[in-house]
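Undergrad: So that we are looking at the same thing, I have put the structure below in structure tokens.
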Amino acid sequence: MVIIMLGAPGAGKGTQAERICAEYSLPHISTGDIFRANIKGNTELGKEAKSYMDRGELVPDELTVRILKDRVSQDDCAKGYVLDGFPRTIPQAEALDEMLKSSGIAADHAIDVEVPDENIIRRMGGRRSCPSCGRIYHIEYAKPAKEGICDNCGTALVIRDDDRDETVRNRLSVYHEQTQPLIEYYKKSGILEEVDGTQSPDSVFEAVKKILG
Ligand code: AMP
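Residue 223 in my numbering sits at position 188 of the sequence shown, with consecutive numbering throughout.
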């Protein structure tokens, strides 16, 4: 089973992807996580990706498709996977189609988690991250026990560069320009499903489970 999660940055597709993976025992493939791991490890790939990510822009297709292919060719992906944050452009979707076709499979579902821009700006503006263990908090919806401190490892929380207000607005305009056309793309291929992402994560997951059966 190959599932593609679509939606604006901050729509909650990562949370839903994690839940799907736990429920259906599938690996969670997040290109954003792969880039962040490379930034943390100070690799060449990380250095290149960071310059785009900090501005809220997309990492070039060629590089992104290469790391995706690399990741899904690993053994744990043999029975399927959940894609979170990939594809983000039409050329990436075409590269994915080609890659799947050559292995004789097709994507089963493209799930679009829909949230209006105003909600996204509020959600992302309050997001805080632990620079050490990566855990994400929110100043309204997911507070740490002690303000500004990670529950998990005690590190001071920070605002991720790509969660800053001007970056969020840029990411949203990049999303509308480059990623939203994928909704039409997957509608045409007949696998698009839409869920209302403004509900609680539990309710969104109920809707997702109905789709996946
Ligand atoms: P995410 O964690 O999925 O929101 O991704 C964080 C950032 O990583 C994005 O704003 C992009 O700069 C970069 N990124 C992640 N996935 C992709 C992709 N499929 N194509 C291009 N850039 C990506």
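Built from N, CA and C at the ideal position, the CB exists for glycine as well.
Model, not experiment: these values are computed from the prediction.
Give me the Cα-Cα distance between leucine 227 and glutamate 83, rounded to the nearest whole angstrom.
TA: 32 Å
Undergrad: On the three-state DSSP scale, how would you describe valine 117?
TA: strand
Undergrad: Any heavy atom of the ligand AMP inside 7 Å of the beta-carbon of threonine 253?
TA: Outside the displayed range of the chain (36 to 248) lies residue 253, so it cannot be described from this structure.
Undergrad: Hey, is glutamine 127 close to the ligand ATP, as in C-beta under 7 Å from one of its heavy atoms?
TA: Of the ligands one can find in the structure shown, namely the ligand AMP, none is the ligand ATP.
Undergrad: Kindly indicate the opening and closing residues of the beta strand (DSSP E) around arginine 162.
TA: 162-164
Undergrad: How many angstroms separate the CA atom of alanine 145 from the CA atom of isoleucine 39?
TA: 5 Å
Undergrad: Taking just the CA atoms, how far does isoleucine 218 sit from aspartate 147?
TA: Whole-angstrom Cα-Cα distance: 7 Å.
Undergrad: Please classify arginine 157 as buried or exposed, where buried requires at least 16 neighbouring CB atoms within 10 angstroms.
TA: exposed
Undergrad: Just confirm the distance between the C-beta atoms of aspartate 105 and methionine 159, as a whole number of angstroms; I'd bet it's less than 8 Å.
TA: Between aspartate 105 and methionine 159 a beta carbon distance of about 29 Å is seen, past the 8 Å cut, so the two are scored as non-contacting.
Undergrad: Per DSSP, which residues does alanine 191 bridge with? Please list them.
TA: Ile184
Undergrad: How many Å lie between serine 137 and leucine 131 at the Cα?
TA: 10 Å
Undergrad: Which of the three DSSP states, helix, strand or coil, is assigned to isoleucine 155?
TA: helix
Undergrad: Do threonine 202 and arginine 90 have their C-beta atoms closer together than 8 Å?
TA: Less than 8 Å separates the beta-carbon of threonine 202 from that of arginine 90.
Undergrad: Report buried or exposed for tyrosine 176, applying the criterion of at least 16 other Cβ atoms within 10 angstroms of its Cβ.
TA: exposed
Undergrad: Have a look at the DSSP bridge pairing and note the partners of leucine 41.
TA: Beta-bridge pairing links leucine 41 to Asp147.
Undergrad: What are the start and end residues of the alpha helix (DSSP H) that includes serine 137?
TA: 125-137
Undergrad: Between the stretch 161-169 and the stretch 185-198, are three or more C-beta pairs nearer than 8 Å?
TA: Touching, yes, given that three or more Cβ pairs across the two stretches are closer than 8 Å.
Undergrad: What would DSSP say about aspartate 89, mapped onto helix, strand or coil?
TA: coil
Undergrad: Less than 8 Å between the beta carbons of alanine 46 and valine 150, yes or no?
TA: Less than 8 Å separates the beta-carbon of alanine 46 from that of valine 150.
Undergrad: Closer than 7 Å: is that where the CB of tyrosine 87 sits relative to any heavy atom of the ligand AMP?
TA: yes
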